[in-house]
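UniProt numbering numbers the first residue of the sequence shown as 1 and each following residue consecutively. In this text, a Cβ means the ideal position worked out from N, Cα and C, and glycines have one as well. Since the structure comes first, as structure tokens, the remarks are kept for the end.
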Amino acid sequence: MVQPLFYLKESASQTAGPYVHIGCTPNFVGIHGVFERDLGAGKLYGEAARGQRITIRGAVIDGGGNPLKDALVEIWQADADGLYNSPSETRGSADPHFAGWGRSPGDMDTGEFLFETIKPGRVPFKDGRMMAPHITFWIVARGINIGLHTRMYFPEEAQANAGDPVLARIEHKPRVATLIARQDGEASYRFDIRLQGEDETVFFDI
């Protein structure tokens, strides 16, 4: 017998709390034997992957300027040719040696997350215009009821950034800078995500 839909009430939301690491990154918190390695951990690419290898470091920072030491960060991105490792990708075959997705818990002492990945290529916006190379970030932590989405763009791609259709939608132009990483070496970037305050990172409702 089919139940009327009004019986299916929405579950209450709650913050990730301290248990998100136990479920998502058990090896990180010292619980071994569940998985050989934590899902999404380590390099996103294999030795045969195409493209420039890059490193991204950063922290999730609260309104008081302090890094959260229990944040969990995930990234999702295109490969070097601008193709996603996804069944919904119809423009071509993504690099089979590149995962396109990764997960990093913040260091319990410094709060710093780390990703070893490939610099992504450009992908089209829904209207066909090309977006600048970017990486999508998803953040959960204590005190965050719903995961936050944002993007990281590259400082050396100034021309592409200027024509990016998503960045163009940000009304307060000075805030665009919160989505631009800081180059921290030849192939290394720093991207801090600020939850509140004067330099609060732009988050997207997706």
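Let's see if you can read the secondary structure: which residues bound the alpha helix (DSSP H) around residue i?
i, result
"H149", "Looking at the DSSP string, H149 is not in any alpha helix (DSSP H); the run it does join, the beta strand (DSSP E), is 148-153."
"H32", "H32 -> no alpha helix (DSSP H), and no H or E assigned at all."
Residues in its own chain within less than 6 Å of residue i by CB, not counting five upstream and five downstream?
i, result
"G197", "G63"
"D81", "G121"
"T25", "D38, P105"
For the putative contact between residue i and residue j, defined by C-beta atoms under 8 Å, what is the C-beta separation to the nearest angstrom?
i, j, result
"A201", "T150", "The residue asked about is misnamed: residue 201 is Thr in this sequence, not Ala. Sure, about 5 Å apart at Cβ, within 8 Å."
"E157", "A132", "5 Å"
"F203", "L148", "5 Å"
"D70", "R142", "5 Å"
"P67", "G30", "Actually they are not in contact, since the Cβ atoms of P67 and G30 sit about 21 Å apart, beyond 8 Å."
"D95", "R169", "The pair is not a contact, with the Cβ atoms about 29 Å apart (cut-off 8 Å)."
"Q77", "T136", "6 Å"
"G42", "W101", "Incorrect: roughly 12 Å between the Cβ atoms, too far for contact."
"L83", "E74", "About 19 Å separates the two Cβ atoms, so there is no contact after all."
What residues in its chain sit with their C-beta under 7 Å from that of residue i, if we drop five residues either side in the sequence?
i, result
"R129", "P165"
"R190", "R57, G58, A181, R182, D184"
"F28", "H21, D38, P105"
Could you check what DSSP says for residue i in three-state terms: helix, strand or coil?
i, result
"H134", "strand"
"I22", "helix"
"V166", "coil"
"T55", "strand"
"P96", "coil"
"V176", "helix"
"Q159", "helix"
"F204", "strand"
"G185", "coil"
"V60", "strand"
"P87", "coil"
"R194", "strand"
"L139", "Inspection of the sequence shows that residue 139 is occupied by Ile rather than by Leu. If DSSP states are grouped into helix, strand and coil, I139 belongs with the strands."
Quick one: give me the first and last residue of the beta strand (DSSP E) that residue i is part of.
i, result
"F113", "112-118"
"I75", "72-76"
"Y45", "Segment: none, Y45 is in no beta strand (DSSP E) and carries neither H nor E."
"R103", "101-105"
Go through its chain and collect everything with a Cβ distance to residue i's Cβ below 8 Å, but skip five positions before and after it.
i, result
"L72", "A16, V20, H21, C24, T25, R103, S104, P105, G106, I139, V140, A141"
"P87", "none"
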